[in-house]
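Here the structure comes first, spelled out in structure tokens, and everything after it is commentary.
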Amino acid sequence: MNFKLKKSETLFNGKIFDLKVDHIEYDSGNLGIREIAVHPGGAATVAVKDDGKIILVRQFRYPIQQAILELPAGKLDKGEDPLVCAVRELEEETGYKTGKIEKLGIISTSPGFCNEILHLYLAKDLIPGNHNREEGEYGMEILEFSLDEIDRKITNGEIIDAKTICGIYLAKNKLN
169 MNFKLKKSET LFNGKIFDLK VDHIEYDSGN LGIREIAVHP GGAATVAVKD DGKIILVRQF
229 RYPIQQAILE LPAGKLDKGE DPLVCAVREL EEETGYKTGK IEKLGIISTS PGFCNEILHL
289 YLAKDLIPGN HNREEGEYGM EILEFSLDEI DRKITNGEII DAKTICGIYL AKNKLN
């Protein structure tokens, strides 16, 4: 590192993330400011049915004002194990429980301004049940696609969600 932290302050404490501003001084003596969205992280699951179909959800995302296709996912509660979050969110959003789940890896969603880390999982041996959605998820749709269909949707721009694209990429080695 070629800088020293001079001052750090939290400007906003929100429900989803906090906003922190760090004042730094480079070794050259020049000053800089770094604005950071502080996020607890989350977990997402590539859920594969016995017939090979992958479960995605379509939900409205307020910041981009559109409904998008994505993996079932959610934010970590404070101190929560990412595996617990992945299992909870899978059931909450889709109704499915899993008999077999393994970690695929982690991704840094937007490291230029946000510290969010997402934990990606592969779930198999799915057991159908009832979802338990939060109020903002009531319009969510559950859809099933083959890996080839998902590849086409990524290629043609129907799937634009980064965690979904990354999760599918990481899952391919396990599924083929």
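Counting from 169, one number per residue, gives the positions in the sequence shown under our numbering.
Glycine included, each C-beta is placed from N, C-alpha and C at the ideal position.
CB-CB length for residue i against residue j, believed under 8 Å
| i | j | result |
| --- | --- | --- |
| K342 | L286 | Rounded, the Cβ-Cβ distance is 18 Å, inconsistent with contact. |
| F171 | G200 | 7 Å |
| E261 | H299 | 6 Å |
| D186 | L173 | About 17 Å separates the two Cβ atoms, so there is no contact after all. |
Check whether residue i and residue j have beta carbons under 8 Å apart
| i | j | result |
| --- | --- | --- |
| I310 | I236 | no |
| K268 | D293 | yes |
| S314 | K217 | no |
| I295 | K271 | no |
Those residues which DSSP pairs with residue i across a bridge
| i | result |
| --- | --- |
| L294 | T266 |
Straight-line Cα distance separating residue j from residue i
| i | j | result |
| --- | --- | --- |
| R229 | M308 | 10 Å |
| E326 | R226 | 11 Å |
| A212 | K340 | 15 Å |
| F180 | K321 | 37 Å |
| Y289 | L239 | 10 Å |
| D195 | I333 | 39 Å |
Neighbour flag for residue i against chain B, beta carbons, 8 Å
| i | result |
| --- | --- |
| K246 | No chain B appears in this structure, which consists of one protein chain only. |
| query | So does the segment 275-295 actually touch the segment 203-214, counting three or more Cβ pairs closer than 8 Å? | reply | With the cut-off at 8 Å, the segment 275-295 and the segment 203-214 touch.
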